[in-house]
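Trainee:
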Amino acid sequence: MVSLRPLYAASILMSAVGVFIAGCEPKPLAADQLQINSADPRPSAGYPVMAPLEEYLIADRDVEVALARTAAPPAISKDATVLVLTRHGYQAAVEGKSGFVCFVDRSWSGPFDDPEYWNPRKRGPTCMNAPAARSALPVTYRLTELALAGQSKDAILARMKESIARKEFGLPEVGSMSYMMSKSQYLNDNSPHWHSHLMFYMPGEMNASVWGANLPSGSAVFGGGADLPGGGRMPWTLFFVPVPSWSDGTPAEGHHG
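Our numbering applies: residue 843 is where the sequence shown begins, and numbers increase by one.
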């Protein structure tokens, strides 16, 4: 059965800073330009604190836009709003018209007990539909705001628990889901590409058995509630469904190394 750990480390929790619309359409890029160069992988113990901010940023705005679009098939991502990460948070580089929002998630959106929480190599192209963009994306904005402010992982966890307790984040809207089908994803050092997959956000707590998820004899669905270290949980239950092809239509099997 597929392990969920690489996926959880890529892109699950999400935050609320302002987004401005720049509305510039990027030039097309070759597939080999989507590979983001960075330092060689370090062992998990090599990520105890946040790396210099430059290691998380993608210098070429057009490259990040193109990478974000690989999260979903072109029929979906071509009309999506596309965000890029800047020193001041995520900002809209392209204003879409479909309601979908594509962006490249970074390591601090992963679980707080992940030893690669600060891994600057992590790139999780994600494309949320409109309900998820309205109700789940604000969590990504908040996490990013805190990380870019130089907060430690413990401080970010404490702030998020406070925000959840105050119900600053509402429940995900009905129908909230996202695509993570990028062949160029880098989810962690041990399993960079994991699986092409879809994510579904369910409000509150939902037993995995309702979805037939995580069955020991095999299941097409994985996931469950997102518990926080020291108590508390995220305001949703997440389910993941691997799909057989990458967003470009090529077979996904055999690209998990």
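Glycine included, each C-beta is placed from N, C-alpha and C at the ideal position. Because the structure is a prediction, the values reported are computed rather than measured.
1) Could you tell me which residues DSSP puts in a beta bridge with Arg965?
2) Just to confirm before moving on: does the CB-CB distance between Ser977 and Cys944 stay below 7 Å?
3) Alpha carbon to alpha carbon, how far is Leu909 from Leu927?
4) Is it right to say Lys964 is buried, meaning 16 or more other beta carbons lie within 10 angstroms of its own, or is it exposed?
5) Determine the burial state of Thr982: buried for a count of at least 16 other Cβ atoms within 10 Å of its Cβ, exposed for fewer.
6) Check each candidate in Ala922, Ser951 and Arg929 and name the one with the smallest Cα separation from Val936.
7) Give every residue of the same chain whose Cβ lies closer than 8 Å to the Cβ of Ala1007, excluding the five residues on either side of it in the sequence, and list them in chain order.
8) Confirm, please, whether the CB-CB distance from Ala974 to Tyr1043 is below 7 Å.
9) Any chance the stretch 989-1009 sits against the stretch 1056-1067, with 3 or more Cβ pairs inside 8 Å?
10) What does the alpha-carbon distance come out to for the pair Pro1014 and Leu895?
11) Please classify Asp1031: is it buried, with 16 or more other beta-carbons within 10 angstroms of its beta-carbon, or exposed?
12) Please name the residue in Val1052, Pro1045, Met1048 and Pro967 whose C-alpha comes closest to that of His1035.
13) For Ala913 versus Met1022, is the C-beta spacing smaller than 7 Å?
14) When the distance is taken between beta carbons, is Ser1024 closer than 7 Å to Met1041?
15) Which partner residues does Val946 have in the DSSP bridge list?
16) Can you give me the C-alpha to C-alpha distance between Gly952 and Leu990, rounded to a whole angstrom?
17) With a threshold of 16 other CB atoms inside 10 Å of the CB of Asn971, please say whether the residue is buried or exposed.
18) What does the Cβ neighbour count give for Leu979, buried or exposed, with the cut at 16 atoms within 10 Å?
19) What first and last residue would you give for the alpha helix (DSSP H) that runs through Tyr1043?
20) For Pro962, I'd like the list of residues in its chain whose CB is within less than 6 Å of its CB, leaving aside the five on either flank, ordered along the chain.
21) So what does DSSP say about Thr986, is it helix, strand or coil?
Mentor: According to the data block:
1) Tyr1028
2) no
3) 12 Å
4) buried
5) buried
6) Ala922
7) Gly1074
8) yes
9) no
10) 30 Å
11) buried
12) Pro967
13) yes
14) no
15) Pro967
16) 15 Å
17) buried
18) buried
19) First-last for Tyr1043: His1039 to Pro1045, but that is the beta strand (DSSP E), not the alpha helix (DSSP H).
20) Ala893, Glu897 and Tyr898
21) helix
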